[in-house]
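To keep things clear, I will list the structure first and then write my remarks on it.
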Amino acid sequence: MNQAELIAAVAERAGLTKADAGKAVEALADTITDALKRGDEVRIAGFGSFAISERAERQGRNPQTGAQMTIAASRAARFTAGKAVKDALNGG
Numbered sequence: 000m001n002q003a004e005l006i007a008a009v010a011e012r013a014g015l016t017k018a019d020a021g022k023a024v025e026a027l028a029d030t031i032t033d034a035l036k037r038g039d040e041v042r043i044a045g046f047g048s049f050a051i052s053e054r055a056e057r058q059g060r061n062p063q064t065g066a067q068m069t070i071a072a073s074r075a076a077r078f079t080a081g082k083a084v085k086d087a088l089n090g091g
């Protein structure tokens with residue numbers, strides 16, 4: 000499902016116009032992103048939680064040359080599905 004399909008599905012389920020649903024989806028994504036930038040965790044009951052995962056600096060290899068290189072430390076978003084989502088996916 001891409002963003003346009005998500006917006007159409009939200010509009011249909013919530014009885015909104017596609018323009019309003021698009022604003023809501025974008026606002027949700029922006030709000031989650033802003034919270035993660037601040038280092039906050041976002042928990043949505045029954046759905047799951049978004050958090051930041053810290054990756055330490057590490058050594059890697061260039062696959063073309065085999066030369067060793069340093070991969071810089073980074074932060075990545077992590078999503079953990081909630082119980083309701085896990086149960087729905089596993090026939091619960």
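Numbering of the sequence shown is given in numbering that gives the first Met the number 0, commencing with residue 0 and proceeding in unit increments.
Glycine included, C-beta positions come from ideal geometry on N, C-alpha and C.
Here the structure is a predicted model, which is why all the values come from computation and not from measurement.
Would you check if there are 3 or more beta carbon pairs closer than 8 angstroms linking the stretch 29-47 to the stretch 79-86? Between the stretch 29-47 and the stretch 79-86 there are three or more inter-stretch CB-CB distances shorter than 8 angstroms, so the stretches are counted as touching.
Proximity winner among Thr30, Glu11, Leu5, Ser73, relative to Glu56 (alpha-carbon distances): Ranking Thr30, Glu11, Leu5, Ser73 by Cα distance to Glu56 puts Ser73 first.
Cβ-based neighbour list, Gln58, same chain, cut-off 8 angstroms, excluding 5 preceding and 5 following: A distance below 8 angstroms between beta-carbons, with the five flanking residues on each side excluded, links Gln58 to the following residues of its chain, in chain order: Gln67, Met68, Thr69, Ile70.
Return the first residue and the last residue of the alpha helix (DSSP H) that Thr30 is part of. First-last of the alpha helix (DSSP H) with Thr30: 17-36.
Starting from Glu4, follow the alpha helix (DSSP H) in both directions and report where the run begins and ends. Where Glu4 is concerned, the enclosing alpha helix (DSSP H) stretches over 2-13.
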